[in-house]
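Notes for the one structure printed next.
Residue numbers (the working numbering): 16 to 111.
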């Protein structure tokens, strides 16, 4: 099985932190804006390097490391690049 890249693992951590910041401080907080900027910066750096994202693979490995049983069947096909979807989602986040 292929291994997730360090960039995917970092992106997964950053997105988890972004979610936690929103729940803790709210969408209009300085903390949220700062964390969102970090996520966007990392995504832009990945784009400049010509890297694609595969968060599904990073999540799978994380679950396996935590001992969580996988319920989905491995097909062996490459997951689609989710970078464009992430960029669109982050761009539409409500900032007040």
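Built from N, CA and C at the ideal position, the CB exists for glycine as well.
Limits of the unbroken alpha helix (DSSP H) element including residue i
{"i": "residue 29", "result": "21-40"}
{"i": "residue 58", "result": "45-64"}
Given residue i as reference, the closest of the options once Cα atoms are compared
{"i": "residue 29", "options": "70, 40, 45", "result": "70"}
{"i": "residue 24", "options": "52, 74, 50", "result": "74"}
{"i": "residue 33", "options": "77, 66, 61, 50", "result": "50"}
Coarse secondary structure for residue i, derived from DSSP in three states
{"i": "residue 85", "result": "With a pLDDT of 42 at residue 85, under the threshold of 50, the modelled position of that residue is not reliable, and the figure given next carries that caveat. In the structure shown, residue 85 sits in coil (DSSP, three-state: anything other than H, G, I, E or B)."}
{"i": "residue 18", "result": "coil"}
{"i": "residue 71", "result": "helix"}
query = With contact counted as at least three CB pairs below 8 Å, one residue from each stretch, are the stretch 37-45 and the stretch 53-62 in contact?
reply = no
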